[in-house]
Amino acid sequence: MRLEIAVQDVAGATTAARLGADRLELCAALAATGGLTPSHGLLDATLAAVPTEVGVHVLVRPRAGGFVYDADELDVQVRDVRAAVAAGAAGVVVGALTPDGAIDLDALRALVDAADGRETTFHRALDTVPDLARAIDDLARAGVTRVLTSGGAARSVDGTVRLSETVAWSAGRVEVMAGGGVRPEDVSALVATGVDAVHLSASRVVASTGGPGGGADGYTTTDPGVVAAAAAALGRGARVG
């Protein structure tokens, strides 16, 4: 059972790594958009700051909203995947759908090819797909390493039935990671579904106003207490050294 923490800054990455995370999903604007592609500078700094045994996986998502992308948007994502791999990321987190809600296999193959053998996670676009069995089959054939899913619910603890079905249908062909509104007290119920990993943002809100040009009045960052509690729920403590 692995613990993945979504982080948005170097301090959050080092905190999550120190307190027991096995893997990091590096992203930007998580609370406001659900996560977007982080900058190359943030990736470089994060890779330099965290232990090599903690895999840094880069979210590649060019904008908020749905997951149907045109040719230009896909081209940007392919470039971002290649850049992340070249920088030393352990993997990438991607997703693309067709207008009718199925997995966009052409886009996915381009993204997996761009990852050049690094791990690929298909993100929560899966939670909008109506035909789960077909989607898992498609992802397995495309060479995707794992899926991140809440079981189709707003919070994954409310999607445990579909999470169990996802685990059963994947049959080891694709790892299943539960994520979406996860709190430390949810971990035991998620583990009981048979998933391979649990994913959470473990964040807190920092009040900060930037005036008329500053956007939202605050931002989110990693909460050490939540990371530690999630790690403890999985029976692990802080990393030594």
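Taking this note's numbering, I'd label the letters of the sequence shown as residues 1269 to 1509. For glycine and all other residues, C-beta sits at the position ideal for the given N, C-alpha and C. Note that the coordinates shown come from a computational prediction; the quantities given were computed from them, not determined experimentally.
Going by beta carbons, THR1490 and SER1476 fall outside the 8 Å limit. For HIS1391, there is no enclosing beta strand (DSSP E), as DSSP marks it with neither H nor E.
Between VAL1346 and ALA1378 a beta carbon distance of about 5 Å is seen, short of the 8 Å cut, so the two are scored as contacting. Closest in alpha carbon position to HIS1325, among TYR1337, ALA1351 and VAL1455, is ALA1351.
It is roughly 10 Å from the alpha-carbon of VAL1344 to the alpha-carbon of TYR1337. ALA1296 carries a strand assignment under DSSP once its states are collapsed to helix, strand and coil. In this structure, LEU1310 sits near LEU1294, with a CB-CB distance shorter than 8 Å.
Distance from the CA atom of LEU1304 to the CA atom of GLY1333, rounded to whole angstroms, is 11 Å.
For the set GLY1356, ASP1405 and GLY1462, the Cα lying nearest the Cα of VAL1322 is the one of GLY1356. With a 10 Å radius around the Cβ and a threshold of 16 neighbouring Cβ atoms, THR1301 comes out exposed. Unbroken alpha helix (DSSP H) stretches of 4 residues or longer found wholly inside the segment 1304 to 1383: 1308 to 1317, 1339 to 1355 and 1373 to 1383, given in chain order.
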